[in-house]
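Visitor: Let me begin by handing over the structure; questions about it come next.
In the numbering used here, the protein residues as written are 5 to 339.
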């Protein structure tokens, strides 16, 4: 095709395979493969069977990453989720010890989690001038404080009837039930964020809240729903956490908020809002889970594992900017 300048412009479509490989999700898939190769060479016990056996301990946190991605897309943050897990686990254990039906125990954890999330959502939508970090920091202290007062001097509770929790901690062959649930919910949350009207409105709020409001988006309603779902998924995390520990204590859920944020941001969700998708978050979650299993098999200190995850997180935030600078430098050199 000839332009006005007389030069010929070739209409060459972009190679779709190249686009996939060099997308952030493609890079994460490559990193996932490399992490598994590293873990297999680092630990002689690292194999598919051992990973599936130890994975449930870490997978519970992935439930919180799904709604956390929505909150980050809004351009906000929730640091109370670890405390919500603690309170939900504590109260569900107490209900379990009254010999209540297991469905009531599960509903207790989910309802407590949803109510805590609704409290966050109500405060943030009622008092719009308050920053989410300060509000959720305050509710984090409140929720964990309630759990600590409820647990009393001992600071812990063990369940007396483990049948229900043992059942949901079961497996199909070598594959734990929780893995199926994580994958199913991951697909649903990803589709809902990327393809639904609700998801598009969430991106619009994160991009420009004022413009979204004047475009007819129910900004505060959507924010309230997302924070409530965040609490609900924290309650679900508590259920599966109790299924592996058969109890709860004052430290239950410590640091879970940072793990959920790290998984989402490492997956490409922008902390400034309006960017990213859950596909990358799901891949990054499994990278972190496999890394923890592999390093844990060699008794690597938990703080060292956190350090490695922190380095990966910094790299995830910095790499897109570095790639952008390189592309600009190459373009300038061509011109």
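Glycine included, every Cβ here is placed at the ideal spot set by N, Cα and C.
In three-state DSSP terms, what is residue 292?
Guide: It is helical.
Visitor: Thinking C-beta only, is residue 223 closer than 8 Å to residue 216?
Guide: The answer is yes: Cβ separation under 8 Å.
Visitor: Nearest to residue 261 by alpha carbon, out of 38, 50 and 71?
Guide: Of the candidates 38, 50 and 71, the one whose C-alpha sits nearest the C-alpha of residue 261 is 71.
Visitor: Grouping DSSP H, G and I as helix and E and B as strand, with all else coil, what is residue 175?
Guide: Three-state result, residue 175: strand.
Visitor: I need the DSSP call for residue 160, collapsed to helix, strand or coil.
Guide: Strand at residue 160.
Visitor: Using three-state DSSP, classify residue 341 as helix, strand or coil.
Guide: Not covered by the structure: residue 341. The range shown for the chain is 5 to 339.
Visitor: Rounded to whole angstroms, what is the Cα-Cα separation between residue 63 and residue 55?
Guide: The alpha-carbon atoms of residue 63 and residue 55 are separated by roughly 11 Å.
Visitor: Would the beta-carbon of residue 252 fall within 8 Å of that of residue 100?
Guide: Against a cut-off of 8 Å, the Cβ pair of residue 100 and residue 252 comes out as no contact.
Visitor: Rounded to whole angstroms, what is the Cα-Cα separation between residue 166 and residue 326?
Guide: If I take the Cα positions, the gap works out to 51 Å.
Visitor: Assign residue 251 to one of three DSSP states: helix, strand, or coil.
Guide: If DSSP states are grouped into helix, strand and coil, residue 251 belongs with the strands.
Visitor: Starting from residue 60, follow the alpha helix (DSSP H) in both directions and report where the run begins and ends.
Guide: Where residue 60 is concerned, the enclosing alpha helix (DSSP H) stretches over 60-63.
Visitor: Less than 7 Å between C-beta atoms, sequence neighbours within five positions excluded: which residues of the same chain meet that for residue 203?
Guide: Contacts found: 196 and 197.
Visitor: Go ahead and pull the three-state DSSP assignment for residue 180.
Guide: In the structure shown, residue 180 sits in a strand (DSSP, three-state: E or B).
Visitor: Please report how far the alpha carbon of residue 85 lies from the alpha carbon of residue 307, in whole angstroms.
Guide: Looking at the two C-alpha atoms, the distance is approximately 21 Å.
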